[in-house]
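S.K.: Numbering (the UniProt record's numbering), first residue to last: 1 to 423. What follows is a structure written as structure tokens; I'll ask about it next.
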Amino acid sequence: MAYYRSVGDVPRTRHTAFRDDQGRLRYEELMGEEGFSSDSSLLYHSGVPSAIVDSQVWELPDLSTTPNHPLKPRHLKLHDLTFQVVEERAPASLETPGADAVQGRRLVLGNGDVRISYVVATAASPLYRNAIGDECVYVEAGAGTVETVFGVLSYRQGDYVVIPRATTHRWLPSEESRLYPIEASSHIAPPKRYLSRYGQLLEHAPYCERDLHGPEAPLVSAGSTTDRTEDVEVLVKHRGNGPSGIVGSRMTYATHPFDVVGWDGCLYPYTFNVEDFMPITGKVHQPPPVHQVFEGHNFVVCNFLPRKVDYHPQSIPVPYYHSNVDSDEVMFYVGGDYEARKGSGINVGSISLHPGGYAHGPQPSAVEASIGVEFFDESAVMVDTFRPLEIGEAGLAVEDPAYAWTWAGRGPEGDGPAVFSNS
């Protein structure tokens, strides 16, 4: 994110001696993307950021996937998932019963470019760093904070929490938080067509820099006890040669990662709330790219929000049938009344997967019913991937087997609905 910020205490000149009031040297860390060739920030630590004293295996949850074969559309009911309490906790002062936002995640869908999971978090998470790629976590419900090496982010319902690769952080829910993590194997950023050649968000973009909220101060400036000397464990997800290509390690540090007194640069975590997204509408139905909010390598993230719809007198506001020639489409329904899916069983908390090679669109009854409608009260997060998605253990656990046949009204065993409904 090429939007410069300076937070806390930094030296006048980079890569020069920077000392505290007692004359002790601060330790400079460059956190940069694509080697030294893209966005970066410089962080200034009280302790040595490389000082590890132990490293052990972190056994990750089930990351296995099952191909969508034979090919069919799928409906996954995320609100039917259950979550186990993980016994390992963050520091004792933060302990609460329940699942946490890191270890409690269950894999719903994934491929080599992106993995989508779900968790209902009530407990503080351990310190965590994803060294595979950036994370974009959508907050379906709840509130709390994310402490990071850059400082604190507050989150609330409707936020995207964007966390750059290898950012050490932990989730601290203040209330039950339903989280939808989108984990990339790349970086996640605003679409290039929204940006000037120097990285500023342009006038035709549906949001701008003032809508992005990063940390305001280092944690040490907020009265944190991160200068303590006891060893600190960080869970690290990183590249490996296992079946998923992802493995975990427990790295123990001699000093706390949150000992940063200041930083500056263009790389940092931030939040963006869907209330600040300005939907683009038109005389007839607009295609999904107008709803795009972020992009990663081989996938995009879009959001469909409450909005006025098409104003041509004969327009059909619900989508026309379309073939995903190059992509799989994942829609997570998070609010309102989704017009195109009426009669399908889709509801808030549902995911629909419409794979490449299959023409999909609204339920038949929804087409006629939408004519003359002037406003859609619906909210959904869409991820389109350009490699096929496979189904994770959580997706298999909550699949609605009748969904694939809802357009025809019957299936191979007669397990679809007998009639279509507008409710």
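Backbone N, C-alpha and C define an ideal beta-carbon position, used for all residues, glycine too. Bear in mind that the values here come from a model prediction, so they are computed numbers and not experimental data.
Should Lys342 be labelled buried (16 or more other beta-carbon atoms within 10 Å of its own) or exposed?
M.R.: Burial call: buried.
S.K.: Mind checking who Gln363 pairs with in its DSSP beta bridge?
M.R.: Per DSSP, none; premise fails for Gln363.
S.K.: Please return the same chain residues whose Cβ sits closer than 8 Å to the Cβ of Leu267, not counting the five positions on each side in sequence.
M.R.: The answer, listed in chain order, is Met1, Met31, Gly32, Glu33, Asp39, Ser40, Ser41, Pro164.
S.K.: Use the C-beta contact count for Ala131: other C-beta atoms within 10 angstroms, 16 or more gives buried, fewer gives exposed.
M.R.: So Ala131 counts as exposed.
S.K.: Could you tell me whether the stretch 137–145 touches the stretch 188–203, using the rule of 3 or more Cβ pairs below 8 Å?
M.R.: In short, these stretches do not touch, since the Cβ pair count stays below three.
S.K.: Counting only the same chain and skipping the five closest in sequence on each side, list residues whose C-beta sits under 7 Å from that of Ser224.
M.R.: Interpretation of Ser224 is limited by its pLDDT of 43, a score under 50 that renders its predicted location unreliable; the figure taken from the coordinates is listed afterwards. Answer for Ser224: Phe258, listed in chain order.
S.K.: Just tell me which of His213, Val330, Trp263 has its CA closest to the CA of Asn273.
M.R.: Measuring from the Cα of Asn273, the nearest candidate turns out to be His213.
S.K.: Using CA atoms only, rank isn't needed, just tell me which of Phe277, His291, Glu374, Asn298 is closest to Asp310.
M.R.: The shortest C-alpha separation from Asp310 is found at Glu374.
S.K.: So is Ile371 buried or exposed if we call it buried at 16+ other beta carbons inside 10 Å?
M.R.: Counting Cβ neighbours within 10 Å, Ile371 comes out exposed, since fewer than 16 surround it.
S.K.: Can you list, in chain order, the residues of its chain whose CB lies under 7 Å from that of Ile316, leaving out five sequence neighbours each side?
M.R.: Answer for Ile316: His285, Val367, Ser370, Ile371, listed in chain order.
S.K.: Under the DSSP definition of a beta bridge, which residues are partnered with Ser249?
M.R.: DSSP output for Ser249 lists Val57, Val236 as bridge partner(s).
S.K.: Under DSSP, the beta strand (DSSP E) around Glu175 begins and ends at which residues?
M.R.: Looking at the DSSP string, Glu175 is not in any beta strand (DSSP E), and its letter there is neither H nor E.
S.K.: Rounded to the nearest angstrom, what separates Thr226 and Val261 at their Cα positions?
M.R.: With a pLDDT of 47 at Thr226, under the threshold of 50, the modelled position of this residue cannot be trusted, and the question is left open.
S.K.: Can you check DSSP and say which residues form a bridge with Leu30?
M.R.: Looking at the DSSP assignment, Leu30 forms a beta bridge with Leu42.
S.K.: Counting only the same chain and skipping the five closest in sequence on each side, list residues whose C-beta sits under 8 Å from that of Arg5.
M.R.: Answer for Arg5: Gly214, Asp264, Gly265, Cys266, Tyr268, listed in chain order.
S.K.: Where Ala380 and Cys302 are concerned, what is the direct C-alpha to C-alpha distance, given to the nearest angstrom?
M.R.: Looking at the two C-alpha atoms, the distance is approximately 8 Å.
S.K.: Could you tell me which of Phe150, Val119, Glu59 sits nearest to Tyr44, measuring between CA atoms?
M.R.: Of the listed residues, the one whose Cα sits closest to Tyr44 is Phe150.
S.K.: From what residue to what residue does the beta strand (DSSP E) around Gly142 run?
M.R.: Careful: Gly142 lies outside any beta strand (DSSP E) and carries neither H nor E.
S.K.: Thinking C-alpha only, which one of Val234, Ala121, Asp113, Ala217 is nearest Ala184?
M.R.: Residue Asp113 is the option with its Cα nearest to Ala184.
S.K.: Roughly how many whole angstroms lie between the Cα atoms of Tyr160 and Gly409?
M.R.: Their Cα atoms are separated by approximately 37 Å.
S.K.: Does the beta-carbon of Gln103 have 16 or more other beta-carbons within 10 angstroms, so that it is buried, or is it exposed?
M.R.: Buried is the call here.
S.K.: Using the three-state DSSP reduction, which class does Tyr338 fall into: helix, strand or coil?
M.R.: Three-state DSSP puts Tyr338 in coil, outside helix and strand.
S.K.: So, is Arg129 buried or exposed, given that buried needs 16 or more other C-beta atoms within 10 angstroms?
M.R.: With 16 or more Cβ atoms within 10 Å of its Cβ, Arg129 is classed as buried.
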